[in-house]
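Written out below as structure tokens is the structure these notes cover.
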Amino acid sequence: MYPSLVAAPPSTAWGTSFAPEQDTIATYLQAAGYRTVAIISDPGAFPEQHGALKGFEIIDAHADAFHKRYDYSANFKIDRIIAQLADPTDPRPLFVWTHLREGHSYYCPGPKPKVFGTEPSARYDSALHFLDGELARLIQHVKSPHHSLNTYLFIGSDHGEAFNEHGTKFHGGSVHQEQSRVPMLAFGPDIKPGRHATPVSMLDIVPTVFDLLDLGPTDAFCGHSLAKTLRTAQEPPARPIYVEQIADQAQKYFSVAYITGNDTFMISPATLTTELYDMAADPAQKTNLAQTHPDKVRQLLKDLGEFYRTHGMNPDYYQLDRF
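This is the structure:
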């Protein structure tokens, strides 16, 4: 679901709190007969008491102590995933999820760091180099003969990272591309190799998983199934992509990115600011075209309002009338 549709109680700054009646991918898969396992190293970021780990039968937090001791834990978590995949004691299908922390400040480069420099962005590269190696190990394991016919693997990122490109650092402070453009990788028995340039959304993972596992219709989700794209290697249909930054204990302002074609349009109702970027000519989003293209801004505001209505969201709630 889009973040603003999640009925999160005012409990944490992490956006990982859910009302009691809300389901997660883990609750759905548990109801479908799956053994559900979460492997975590930061319980504070995923508070059980606020429903962040709802639906997980097993919450494996052994990596917490490991991370506190060494400042990294991706290798430990990948080992735990591989161990779960090898568990012969439970005949049920398995869903396992983890969250890797090394790409978060202060950027943990692992036990044998590759040094790219001393700047924060260089330390970030070192951390990603470590993560790439550990993910490669998991990919090779999943692609082994024992798992390649019955295992799907999805790798995504909850955010990018900013290094003052648009006046912010770390993540969560804006919806510019350095924070909102993230990778998605998928491996599985009927997934054809390919690389796709058409933008999709992280919200597409859940309906895609449901579709691949034949778990029923996915019309209730905000995302779209990418199963056909993965099975045929055809480009997914182009569609607008919507990104939100919600105001919570960590962020003061609500802001939106609406991505359609080459245009990325951003609004912040609280500050009445608009930004427009031509991503084909300006992928780094350095030149804001909003002031020089008022007609396009008006059309994009109209299109965004229609997007809200199509998805059962009230444009007035999102304060489009302020612009």
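Numbering (numbering that gives the first Met the number 0), first residue to last: 0 to 322. The C-beta atom is built at its ideal place from N, Cα and C for all residues, glycine as well.
{"Check": "A6 classed as buried or exposed, judged by whether at least 16 other C-beta atoms fall within 10 angstroms", "Outcome": "exposed"}
{"Check": "At least three beta-carbon pairs within less than 8 Å, the segment 184 to 201 to the segment 223 to 238", "Outcome": "yes"}
{"Check": "For Y276, the first and last residue of its enclosing alpha helix (DSSP H)", "Outcome": "Note, Y276: premise wrong, no alpha helix (DSSP H); beta strand (DSSP E) at 272 to 277."}
{"Check": "G155 - partner residues in DSSP beta bridges", "Outcome": "M183"}
{"Check": "The segment 256 to 271 / the segment 15 to 22 touching (three or more Cβ pairs under 8 Å)", "Outcome": "no"}
{"Check": "Local conformation of R194 per DSSP, three classes", "Outcome": "coil"}
{"Check": "Touching by the beta-carbon criterion (3+ pairs, under 8 Å), the segment 26 to 41 and the segment 49 to 61", "Outcome": "yes"}
{"Check": "Every unbroken beta strand (DSSP E) inside the segment 213 to 268 [3 residues or more]", "Outcome": "240 to 244, 254 to 259, 262 to 267"}
{"Check": "Touch test, the segment 90 to 101 against the segment 60 to 79, Cβ-Cβ under 8 Å, three pairs minimum", "Outcome": "yes"}
{"Check": "Pairwise C-alpha distance: Y151 and R238", "Outcome": "25 Å"}
{"Check": "Straight-line gap, P293 to H165 (C-alpha atoms, nearest Å)", "Outcome": "22 Å"}
{"Check": "Short Cβ contact (8 Å threshold) for E243 with S40", "Outcome": "no"}
{"Check": "Local Cβ density within 10 Å of L52, reported as buried at 16 or more and exposed below that", "Outcome": "buried"}
{"Check": "Spatially closest choice to D63 from F129, A44, I81, by CA coordinates", "Outcome": "A44"}
{"Check": "For A289 and R297, the rounded distance between their alpha carbons", "Outcome": "10 Å"}
{"Check": "Cut-off 6 Å between Cβ atoms - residues of its own chain near Y106, not counting five sequence neighbours on either side", "Outcome": "R122, Y123, A126"}
{"Check": "Buried or exposed (CB count within 10 angstroms, at least 16 for buried), G260", "Outcome": "exposed"}
{"Check": "R308: first and last residue of the uninterrupted alpha helix (DSSP H) it sits in", "Outcome": "293 to 309"}
{"Check": "P92 versus G159: straight-line alpha-carbon distance, rounded", "Outcome": "32 Å"}
{"Check": "Minimum C-alpha distance to Q233 - residue among F253, I190, F220", "Outcome": "I190"}
{"Check": "Nearest-angstrom beta carbon gap, A256 and V181 [assumed within contact, 8 Å]", "Outcome": "So it is not a contact: roughly 13 Å between Cβ atoms."}
{"Check": "Beta-carbon spacing of I138, F186 below 8 Å", "Outcome": "yes"}
{"Check": "Residue nearest to Q83 in terms of C-alpha spacing, selected from G50, V141, P46", "Outcome": "V141"}
{"Check": "Within the segment 25 to 113, ranges of the alpha helix (DSSP H) (whole runs, at least 4 residues)", "Outcome": "61 to 69, 73 to 84"}
{"Check": "Residues of its chain near P314, where Cβ-Cβ distance is below 6 Å and the 5 sequence neighbours each way are ignored", "Outcome": "G304, Y307"}
{"Check": "Three-state secondary structure assigned by DSSP to A6", "Outcome": "coil"}
{"Check": "Simplified DSSP state of A135, which is helix, strand or coil", "Outcome": "helix"}
{"Check": "Spatial distance of L212 from G54 (CA atoms)", "Outcome": "18 Å"}
{"Check": "Beta-carbon spacing of K113, H128 below 8 Å", "Outcome": "yes"}
{"Check": "Straight-line Cα distance separating H170 from F162", "Outcome": "9 Å"}
{"Check": "8 Å Cβ cutoff met for A279 and F253", "Outcome": "no"}
{"Check": "Cβ neighbour criterion (16 or more within 10 Å) applied to S16", "Outcome": "buried"}
{"Check": "Assigned secondary structure, F322 (DSSP; H/G/I helix, E/B strand, else coil)", "Outcome": "coil"}
{"Check": "Contact set for G172: own chain, Cβ-Cβ below 6 Å, skip 5 residues either direction", "Outcome": "none"}
{"Check": "Start and end residues, alpha helix (DSSP H) containing L189", "Outcome": "Residue identity check: residue 189 is Asp in the sequence provided, not Leu. First-last for D189: undefined, no H or E at that position."}
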